[in-house]
Amino acid sequence: MAAVVLLLLLLALVDSIEGSERQFVKSGSNLLLEVTAKIGNDDIFFWKFNNSDNLVRFSPGSEPKIKYTEKTDFFKQNYSLLLRNVKHRDTGNYKAQANGDTEKTVAEYTVIVQDPVSPVNLTVTPINSSFCNFTVVCITVDSQISGTFQCENKTCHLLNQTDLKDSSLNVYVKESSIFCNHSNQVSWEQDEKPFHSLCKNLPDSLFLISS
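Read in order, the letters of the sequence shown are residues -19 to -1, 1 to 192 in mature numbering (1 follows the signal peptide of the UniProt record, and there is no 0).
Listed below in structure tokens is the structure:
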């Protein structure tokens, strides 16, 4: 009997993990959390934040009770929740629950709020134009993030880079220009420089390692 109970608990945990959807959102913007499951007419409905904070309670025959009216909107026709002007403190787990004969989770989101990335500046310094050798430096305008690459003919390697926590630097060649992208899940910035004049014998293709 104990083994059966343990198996049921494990299955419930797997279902909860598989049902959770990750949502990245830019700070200051709005995010709509939808419910697509069918809700029973007699069910008491909740939106919960981090399993303990009841954002919305909606009982049959009554108006919904919304805890933070200044930053959330609840649409009772489809049970969706709108988060307005999100901040980093809004990062967390959002769970929609319907309580009838049993308590069930009908939607679950892991929300991650990120700031937009900083713009970048790209600098290209020639080393030997005969072999199309040059150094590429990509740095954010606030000088907090930078990456340096050395290119030797068709091969480029990363020399050094600051620690990246929530964003990435990607350096690549397309046609006759070098690009540096600074991006995260909610925004991206780019700088571009021509490099054709740096190479006397330009290879057919040249790729830079991304970081």
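No residue lacks a Cβ here, since even glycine has one placed at the ideal position from N, Cα and C.
Point to revise | Same chain only: Cβ atoms within 8 Å of V122, ignoring 5 sequence neighbours per side | key: S99, P100, V101, N102
Practice item. Check whether the Cβ atoms of K146 and I159 sit closer than 8 Å, and answer yes or no. Key: no
**Study point:** Simplified DSSP assignment, three categories, for D54
**Key:** strand
Point to revise | D147, DSSP secondary structure in three states | key: coil
Check your understanding: How many angstroms separate the CA atom of Y153 from the CA atom of Q166?
Key -> CA-to-CA, the gap between Y153 and Q166 works out to about 19 Å.
**Study point:** Rounded straight-line distance, which links the Cα of S149 to that of V16
**Key:** 33 Å
Review point. In angstroms, rounded to a whole number, what distance separates the CA positions of N32 and T91?
Key: 12 Å
Exercise for review: Could you give the DSSP three-state label for D24: helix, strand or coil?
Suggested key: Looking at D24 - three-state DSSP - the assignment turns out to be coil, as it is neither helix nor strand.
Point to revise | Through-space distance from S164 to F55, alpha-carbon basis | key: 32 Å
Review point. Run through DSSP, which three-state label would D71 get?
Key: D71 falls in the helix class under three-state DSSP.
Practice item. Mind checking which residues open and close the beta strand (DSSP E) that includes E89? Key: 84 to 95
Exercise for review: Would you check if there are 3 or more beta carbon pairs closer than 8 Å linking the region 38 to 56 to the region 125 to 132?
Suggested key: no
Exercise for review: Report all residues from its chain with a CB closer than 8 Å to the CB of E89; omit the five preceding and five following residues, and keep chain order.
Suggested key: S(-4), G(-1), S1, E2, N74, Y75, K76, A77
Review point. In whole angstroms, what is the alpha-carbon distance linking H138 and S168?
Key: 26 Å
Review point. Among the residues of its own chain, which have a CB less than 7 Å from the CB of D24, if the five just before and after it don't count?
Key: A79, N80, G81
Exercise for review: Figure out for me which residue from H69, N22, D96, D71 has the closest Cα to the Cα of Y60.
Suggested key: N22
Point to revise | S168 (DSSP reduced to helix, strand or coil) | key: coil
Point to revise | Member of V37, Q58, T50 whose CA lies at the smallest distance from the CA of N66 | key: T50
Point to revise | Reduced DSSP secondary structure (H/G/I, E/B, other) of E156 | key: Here E156 sits in coil by DSSP.
Exercise for review: Could you tell me which of C161, I126, Q58 sits nearest to A142, measuring between CA atoms?
Suggested key: A small correction: the amino acid at residue 142 is Gln; Ala does not occupy that position in the sequence shown. Out of C161, I126, Q58, I126 has the C-alpha closest to the C-alpha of Q142.
Review point. Does the distance from the CB of V94 to the CB of T72 come in under 8 Å?
Key: yes
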